[in-house]
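Read top to bottom, the protein sequences are chains S and W.
Residues 1 to 608 in this note's numbering are what the first sequence spells out, letter by letter.
Residues 1001 to 1608 in this note's numbering are what the second sequence spells out, letter by letter.
Even glycine gets a Cβ: it sits at the ideal position worked out from N, Cα and C.
Since we're looking at a predicted model, the values are computed, not measured.
To start, the structure itself, in structure tokens.
2 protein chains.
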Amino acid sequence: MYYTIKRLLLGQPLKSNELGEQKLNKTKALAILSSDALSSVAYGPEQILIVLVTVGMAAFWYTIPIAVGVLVLLLALILSYRQVIFAYPHGGGAYVVSKENLGENPGLIAGGSLLVDYILTVAVSISAGTDAITSAFPHLHHHNVLIACSLVVLITILNLRGLTESASILAYPVYLFVLALGIMIAAGLVQIASGKLPADLHAPIGTPVAGISLFLLLRAFASGSSALTGVEAISNAIPNFKDPAPNNASRTLAAMGLLLALLFSGIVFLAYYEGIVPNVRETVLSQIASTTFGRGLMYYFIQATTAMILVLAANTGFSAFPLLAVNLAKDKYIARMFTVRGDRLGYSNGIVFLSAASILLIIVFEGRTEQLIPLYAVGVFIPFTLAQTGMMVKWMNDKPPGWIIKLSINCIGALISFSVMWIFFITKFAQVWSVLIFLPCIVLIFHRIKKHYQAVGEQLSLNTCEPAPPIEGNVIIVPVAGITHVVENSLNYAKSLSPDQIIAVYVAFERETEKQFEAKWNQWQPDIRLVTLHSHYRSIIQPLTKFIDTVANKAEESNFRVTVVIPQFIPKKSWHNVLHNQSSLLIRTVLLYRRDIIVTTVPFHLKK
Amino acid sequence: MYYTIKRLLLGQPLKSNELGEQKLNKTKALAILSSDALSSVAYGPEQILIVLVTVGMAAFWYTIPIAVGVLVLLLALILSYRQVIFAYPHGGGAYVVSKENLGENPGLIAGGSLLVDYILTVAVSISAGTDAITSAFPHLHHHNVLIACSLVVLITILNLRGLTESASILAYPVYLFVLALGIMIAAGLVQIASGKLPADLHAPIGTPVAGISLFLLLRAFASGSSALTGVEAISNAIPNFKDPAPNNASRTLAAMGLLLALLFSGIVFLAYYEGIVPNVRETVLSQIASTTFGRGLMYYFIQATTAMILVLAANTGFSAFPLLAVNLAKDKYIARMFTVRGDRLGYSNGIVFLSAASILLIIVFEGRTEQLIPLYAVGVFIPFTLAQTGMMVKWMNDKPPGWIIKLSINCIGALISFSVMWIFFITKFAQVWSVLIFLPCIVLIFHRIKKHYQAVGEQLSLNTCEPAPPIEGNVIIVPVAGITHVVENSLNYAKSLSPDQIIAVYVAFERETEKQFEAKWNQWQPDIRLVTLHSHYRSIIQPLTKFIDTVANKAEESNFRVTVVIPQFIPKKSWHNVLHNQSSLLIRTVLLYRRDIIVTTVPFHLKK
């Protein structure tokens, strides 16, 4: 049954040699790799307004200078990442760049924050996509969490089936989204120019505002910079580009930067001009769209493409997380299981882990985007800073021609990213303090895991360990629960191994049954030694393990091995399992974990 | 860690011989065994009003004749159960009485509905107790479900610790409740007599009411009879009484009937006179109390004792359910695990099952008492009817002196119970139809389980089966993952058993590693045959089981046994387990369920 459902959802398994990767041309790459960055404009401008609205609507004109600041930051990041592309043509994630140039711990900090960040990418993008849907259909609003979780499950299944980044179908929504927002911004500007929109919906630029402070403005700027999450995606995926890969990637990066800048500026300006006030039930983007077009076809087109690109942005998390996890797992910083390819050749453990973690986040935060975005953004700027600093170290070490300019560009990138990170910590400490706790914890865990794997390696290696002393003989213990066919079966098997000693053990709860059983046994199996144990506490495990310990102590002296033979009922129908006390399972677990006792399970298949 | 928490919550385990039962005197027995019945007055009168309010407040005077009907029903039940007490002095639950006199299926219907009923007792009593709490503290109202579930968990822990029915502390709340309600009723009557209460709060008896129908009145009567749930408790617990047990029990039953009648009539009358209207946020009892005393000390005393007696009523479910489950399990109708006594000598599996099921019900019904009560009541009147009918059959068969009178009393009891049951089905079909589905299902499951246990018994018995053919020899298969210390360990063990053949199996994912491994192996263990298998789908299990099947087929012909030796890492810290692929666990499960293949687990304890 389990397999049928699995096959239905995921399809037939693929052979290992069916693994192949398609190369991306620029048009497709732009669409696929920039969905995360471009989709950020769906929530970035809103975040600025959410901060400013605490002072009052008069402060909304500050969005314009703040947006200029964000655009400068964007330019710095694009130029810095352009250099990463040429320096690491095989894909330079922040983890690789930081580890190679700054050392193990900075690399782990970058890797750890990226892992967490991809989880947040999924949670934030899906929550924002759900907001786009429920803004259009307000009666779905109280099903937000359910819709978001269903979307995550859907993407998970698609990714487990092996939805590759190169699937052409993923390119359309991105271009449709750009098209839809482009039309909206153009239409809005035309309306403004033609005077169709009243000019008094907003306070003019420069209006003095009571209660505004540098702190608040920095906070709004930090919030707005969340629109830049995702710009690093292209630099991680250079091997997927057609040759000459670095050149193509760099041009794609420039195009993405331009699109992002245009959309972001347009939305910020329209929101300002139309005097949009953020509210919980409708996104800013939805408000702009309905102000511009009314709730007509065009409105629903914008909401639909927004929802789609946000879901696609979540999908980039599903591409990036498993790959980073493989890198970390190969370096032994996380569990080995993340390197295993599933039936459809995707790294299924990574996919499932990401899915579970993001669903958990969505449920805990009740799908409230604005609660997750600060965490997400600060988690992005930490690896940004580390990667740029890593590049600086690289230029200083390698000193290629023109390295001074390259160094300065990355230096500016590093300084700006670092400043933004600090602005986040200073202005939004209440929302991001947890990063300061969980990042060190993650790095510590990485180290602990690596240490464990190294210790295991040493213990397994034949070179570092002494050969085990020879086994001199075997003692077989057979716990018996009655005089039945099952016991006969186990005893026959034990005898066939011709060990040095067989001991049958019976645990009695009452004195009388003890005597009776001994008498019956001596009649049935006179040549096998029976030990009866009395259990005061109605537990089979306790007296049994105590006895086995005694035997094992004696056996150890003469290098004998102790084997416990346990029968296991295998019922014909699986629901019958609940009708049998699973003592054998419990006994096996307890014995294995205690000491060097070998446990042999003899199945007894019930035929009806 | 698990054990520390367990010991902290449940205390040290008790020895089997520490089991002892205290006998109850009448005062204590009345308190302990009648909490379920007496507590029903907290929600019974309210149920009548909830039905009548659908026609209008003018119809409220009908509560008086309906209450008289309920009192007649109570009298009939008390007289009938008095006879059960004398006929079954060792405890005559409906299950035993029905099974002995009416046959297996009626017994199972009674047993099944009682099992479900005890679950409902817990859910209804706890929900009603929570209502008493949140009526007093309205701001807790939206935490209803959480409070109810916490109370269930608390009672569960107390019962797992071994809270016996004889604990004296349980007697106080019952008498306090009777005292509190007694004072309230007396005070109310004094206020009425002294004219302090306005006499125009209610429609006078006999007021004509538009829209009233026989159907509605019967429905109100059925609802009111839910106040009688729990009257059977004394007849089940006769062995707990001091000698002469039947006489003491019968007097306790009479006393309980009297108290129940007084409290019920008093509450119904006050509710009628004070013109109380049922509402979701405050119970009728709480309204009467606050009308009579205002929200003073006395009010909170009444609410507190009500909450306490309702929690105690839930506790009677915790005493009765595990005992009935033991009876059914001994007759092999439900899983054997219900007969096992836990650390503190309580039937812990029954307790935990009851707890989980009632929490589930509370969550599904969101703690809404009025949704559960009809199900609960109909589930009570089915075993009532069966038990009384069983008694009739008994009198007709045994014909003791005066049997005609006994027969008539039980006959009246059976007829009234039967009618009430029908009234429920006719007037509240929408709420109780599910009984018609789940009761047959439960009985079917009982039969299936019994059949399975009988089949197992036959297959285990040495008398009915032929002795197994002798084992001619052993083949040992050792799956190997590399040339390591673990493999050496497993091979040494396999060799020490000196089987007829040892085969090492290696599953390779790539052709190159296959060749390399074979070369290394032949150098390391030249005398052990190595079989390498190629896995196209990156699965270890599939090629391995296929190979083992081939070996097993050949082995079966010559009556050889196949043993698969699997190494199992036992890490030093349990969190390390997640770092190792649990392939051995998976292989073991798959192999055991396939055919007669024996699985030997050799632990490899990691030392760091």
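Starting from the C-beta of residue i, find all residues in its chain whose C-beta is less than 6 Å away, skip the five residues before and the five after it, and write them out in chain order.
i	result
residue 1180 of chain W	1301, 1302, 1305
residue 1076 of chain W	1412, 1413, 1416
residue 118 of chain S	317, 320, 321
residue 185 of chain S	266
residue 1567 of chain W	1486, 1490, 1602, 1604
residue 1005 of chain W	none
If I follow the unbroken alpha helix (DSSP H) through residue i, where does it start and stop?
i	result
residue 948 of chain W	The structure shown does not extend to residue 948 of chain W, since chain W is modelled only from 1001 through 1608, so no value can be given for it.
residue 564 of chain S	Not the alpha helix (DSSP H): residue 564 of chain S falls in the beta strand (DSSP E), residues 560-570.
residue 1427 of chain W	1403-1427
residue 1266 of chain W	1245-1273
residue 495 of chain S	485-496
residue 233 of chain S	233-236
residue 181 of chain S	171-193
residue 1210 of chain W	Unbroken run through residue 1210 of chain W: none, as it is neither H nor E.
residue 276 of chain S	Element bounds for residue 276 of chain S: n/a, residue is neither H nor E.
Quick check on the DSSP output: the beta strand (DSSP E) that includes residue i runs from which residue to which?
i	result
residue 605 of chain S	597-605
residue 530 of chain S	529-534
Ignore the nearest five residues each way along the sequence and tell me which others in residue i's own chain have a CB closer than 7 Å to its CB.
i	result
residue 1594 of chain W	1545
residue 69 of chain S	221
residue 1339 of chain W	1326, 1329, 1330
residue 1073 of chain W	1225, 1228, 1416, 1420
Along chain W, which residues have their Cβ under 7 Å away from the Cβ of residue i?
i	result
residue 561 of chain S	1493, 1496
residue 608 of chain S	1455
What does residue i reach in chain W if we use C-beta pairs closer than 8 Å?
i	result
residue 605 of chain S	1595, 1596
residue 557 of chain S	Near residue 557 of chain S there are no residues of chain W at all, since even the closest Cβ is about 17 Å away, more than 8 Å.
residue 483 of chain S	1462
At the 7 Å Cβ level, is residue i part of the contact set with chain W, yes or no?
i	result
residue 141 of chain S	no
residue 339 of chain S	no
residue 455 of chain S	yes
residue 538 of chain S	yes
residue 332 of chain S	no
residue 447 of chain S	no
residue 315 of chain S	no
residue 475 of chain S	no
residue 592 of chain S	yes
residue 501 of chain S	no
residue 435 of chain S	no
residue 459 of chain S	yes
residue 654 of chain S	Past the boundaries of the shown model lies residue 654 of chain S; chain S is included only from 1 to 608, so the question cannot be answered.
residue 471 of chain S	yes
Does any residue of chain S bring its CB to less than 7 Å from the CB of residue i?
i	result
residue 1544 of chain W	no
residue 1479 of chain W	no
residue 1599 of chain W	yes
Can you find the residues in the same chain that come closer than 8 Å, C-beta to C-beta, to residue i, ignoring five residues on each side of it along the sequence?
i	result
residue 1362 of chain W	1123, 1126, 1127, 1145, 1148, 1149, 1152
residue 551 of chain S	475, 477, 503, 562
residue 1511 of chain W	1534
residue 1014 of chain W	1162, 1343, 1344, 1345
residue 500 of chain S	473, 474, 475, 560
residue 102 of chain S	386, 389, 390, 393
Let me check one thing: in DSSP terms, what residues is residue i bridge-paired to?
i	result
residue 1478 of chain W	W/1504
residue 1473 of chain W	W/1560
residue 1024 of chain W	W/1241
Could you list which residues in chain B have their beta carbon closer than 8 Å to that of residue i, in chain order?
i	result
residue 1467 of chain W	No chain B appears in the structure shown, which is made up of the protein chains S and W.
Could you work out which residues of chain S lie near residue i, taking near to mean beta carbons separated by less than 8 Å?
i	result
residue 1576 of chain W	452
residue 1352 of chain W	Near residue 1352 of chain W there are no residues of chain S at all, since even the closest Cβ is about 14 Å away, more than 8 Å.
What residues of chain S sit near residue i, judged by a beta carbon separation below 7 Å?
i	result
residue 1015 of chain W	536, 537
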